[in-house]
Amino acid sequence: MSSESETPSSAPPPPASQPDQQALQDDESKSVSKKAAKKEAAKLEKQRRRQQEAAASIAAAALNLSVEDDTLAANYGDVPLPELQSKDPADIGNWMEVGALSEALKDQRVLVRGRAQTIRSVSKNMAFVVVRERGYTVQCVVTATPDVVSRPMVKYVSGLSRESIVDVEGIVSVPKDAIKGATQQVEIQVRKLYCVNKALPSLPINVEDAARSEVEIEKALQAGEQLVRVNQDTRLNFRVLDMRTPANQAIFRIQCQVGTIFRQFLLSEGFVEIHTPKLIAGSSEGGAAVFRLDYKGQPACLAQSPQLHKQMAICGDFGRVFEIGPVFRAEDSYTHRHLCEFTGLDVEMEIKQHYFEVMNIVDRLFVAMFDSLNKNFEKELEAVRTQYPFEPLKYLRNTLRLTFEEGIQMLKDAGVEVDPLGDLNTESERKLGQLVLEKYGTEFYILHRYPLAVRPFYTMPCYDNPAYSNSFDVFIRGEEIISGAQRVHVPEFLAECAEACGIDVKTISTYIDSFRYGAPPHGGFGVGLERVVMLFCGLNNIRKTSLFPRDPLRLAP
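Structure (structure tokens):
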């Protein structure tokens, strides 16, 4: 019997086109196949998740069981929140700073708090934790020992996340060999360890990567190894983590010292510290680089400097004043040395005879500052140098002083053409700095008698040539850090100068009026704190010396 005779008579007749029928069947087969595959994948994923949850549950139960069975469980673990809410002032404890740990403390019991910088599990019976506090580090050893340290404690320590805050109590020991991975040449044999606050298991940037120098990265590349490079924007986006590197810890401690020396030196010279308003009615420096705002229906702006008010303080008979405070500049400057907000170090003082009296203060102040940093901050400077290599600043006991015309002549002799009555641009400043270093052996010098046209409206013209002024700039490594001058203290002349610069005299009427009641000749200067630190440490970007920089593109964090 043929196959055709076996086909039931009720079967539908075959389609007219066999190729079309085959294509339809293929499409349906593919569709069913895709749906089945998706369904099967979802089923497998669900099953995998259940298995993971079951495994995690079993592991947690095993851990809890091991902790519950551990007679030494009270010696480690997460500190509960109530214990961190300042419960008992009498239970403060005898804390030791990591930086104070030394061989003299051998066999003594100590209690320290810091960050778990690195955690290394050697075995079920041993783990190492390097604890960091304010740039100092100590290696802590957790060894399973009967009736002292349990295996569950070693396991707990091994599971800590890096950068978590921990309290460590233990015995100081002195190893035979030098410790390479820590600043302190002692170890703590851990007896108790508690986690005060956990860091995320995965951090946006690793402190180890952020602390790496370009030299180290380039050497690794040449050896065929690629290391993580943390760029500037990423650092600033996660500044809290970036601040923890040894170099940044050092930079901002150096910055603190610069401000401290500035204050202490000036106080010893009879200056009075003042605090001036940052909300003012008109521009303090002239020009358009000002942040304008509405002040209860009145136009106002953020102070570009404390200039007007520190002069008014001189008119108020304080004689010598200084201020350390924020300064705001609405400049669209995207350079390595400009910020929209920085910390200003400002000085104003009476002049008895000559504006050189102000320059004398600058000279002695900064030589004292550089001396103090080099003498007392060797460790911090070395920490900066390790990540950002630089040569120590060259400066003279008596700071070099050149007139603007002398500086221009040095540039001309070197083949650099500049406007004799214009300001120096960045390239000209750097070139002049190079020429000064070659000729005089210093990277710190004063350039004075600037053209009047490039100075603020309140600058006193020179007596012998009104095209120049009794003003000066100070340079470090070929970049300007200080501007200063004798001020115009005659009210009528001051009003004329302001109008000539396009300033509405009405907005600074109280400032000009303060000179109508009797004003002594006076002068002063202003310097940016961040720029001083940047140039002293030979850094390439001012954002490295600003804790939370504010530039035209950055308003956070």
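Here the numbering used here is used: the first residue of the sequence shown is 2, the next is one more, and so on. Note that the Cβ used here is the ideal one computed from N, Cα and C, for glycine as well.
Residue i: which of the options sits nearest, CA to CA?
i	options	result
A369	F263, V385 and F272	F263
L394	F405, D414, F371 and F378	F371
Y118	A101, K156 and S165	Looking at the sequence itself, residue 118 is Gln, so the reference to Tyr does not match. For the residues A101, K156 and S165, the minimum Cα distance to Q118 belongs to S165.
D420	I409, E428 and G283	I409
Q308	T460, T336 and G225	T460
G136	L438, G317, T184 and N238	T184
Y251	L554, L540, R555 and P550	Sequence check: residue 251 is Ala here, not Tyr. When each option's Cα is compared against that of A251, the closest is L540.
N249	T387, T508, R110 and G423	T387
N399	T427, N426, F391 and G442	G442
Q487	C463, A145, Y396 and Y518	C463
S472	A200, L556, G524 and A301	G524
R456	E439, C498, L554 and L82	C498
R402	R110, V359, N426 and C316	V359
R321	M244, D178 and P521	P521
G78	K156, E270 and I120	K156
So, for residue i: in the same chain, excluding its five sequence neighbours on each side, which residues have a beta-carbon less than 6 Å away from its beta-carbon?
i	result
G115	V99, V132, R133 and E134
I180	Q140 and Q186
T344	L530
Per DSSP, residue i is paired with what?
i	result
N198	I166
P462	S470
T546	According to DSSP, T546 bridges with nothing at all.
L294	A301
K181	Answer by DSSP bridge pairing: none, since K181 is not bridged.
Q190	V142 and I172
H449	T404 and F473
Q487	G524
R121	F129
L280	L303
G1	The requested residue 1 is not part of the displayed model; the chain covers only 2 to 558.
Would DSSP call residue i helix, strand or coil?
i	result
E226	coil
D552	strand
E134	strand
G527	strand
F319	coil
V417	coil
L112	strand
I275	coil
T246	coil
G434	helix
G345	strand
I206	coil
I352	coil
E481	strand
P457	coil
I325	strand
G100	helix
N541	coil
V241	helix
V150	strand
P492	helix
Y83	Reading the sequence as shown, one finds Pro at residue 83 and not Tyr. Looking at P83 - three-state DSSP - the assignment turns out to be helix.
E392	coil
T72	coil
H1	This structure gives no information on residue 1, because the portion of the chain shown stretches from 2 to 558.
Leaving aside the five residues before and after residue i along the sequence, list all residues of the same chain whose C-beta is less than 8 Å from its C-beta, in chain order.
i	result
I255	L374, F378, E381, L382, V385, V534, F537 and C538
F319	V273 and I275
Q563	Any answer about residue 563 is impossible in this case: the structure gives the chain only from 2 up to 558.
F405	L448, H449, R450, Y451, P452 and Y469
E217	L228
I206	V231, T235, R236, F239, L242 and D243
K125	A145, R152, V155 and K156
Excluding five sequence neighbours on each side, which residues of the same chain lie with their C-beta closer than 7 Å to the C-beta of residue i?
i	result
V175	E104, K107 and V187
L495	Y459, V489, I513 and F516
G94	L112
F323	L267, F272, E274, D347 and V348
E500	V506
P558	R240 and F549
L397	T443
Taking 8 Å as the line, does the beta carbon of residue i fall inside it for any heavy atom of the ligand SAH?
i	result
I252	For the ligand SAH, the structure offers nothing, since it holds no ligand at all.
### Query
Taking contact to mean at least 3 C-beta pairs separated by less than 8 Å, is the region 188-203 in contact with the region 152-170?
yes
### Query
With a cut-off of 8 Å, do at least 3 Cβ pairs link the region 227-243 to the region 203-211?
yes
### Query
Does the region 69-81 touch the region 150-164, meaning 3 or more C-beta pairs lie closer than 8 Å?
yes
### Query
With a cut-off of 8 Å, do at least 3 Cβ pairs link the region 474-492 to the region 422-435?
yes
### Message
Check whether the region 406-423 and the region 287-301 touch, using three or more Cβ-Cβ pairs below 8 Å as the test.
### Response
no
### Query
Would you call the region 333-345 and the region 543-557 in contact, with 3 or more CB pairs under 8 Å?
yes
### Query
So does the region 523-533 actually touch the region 482-489, counting three or more Cβ pairs closer than 8 Å?
yes
### Task
Count the C-beta pairs between the region 352-368 and the region 326-335 that are closer than 8 Å, then say yes if the count reaches three, no if not.
no
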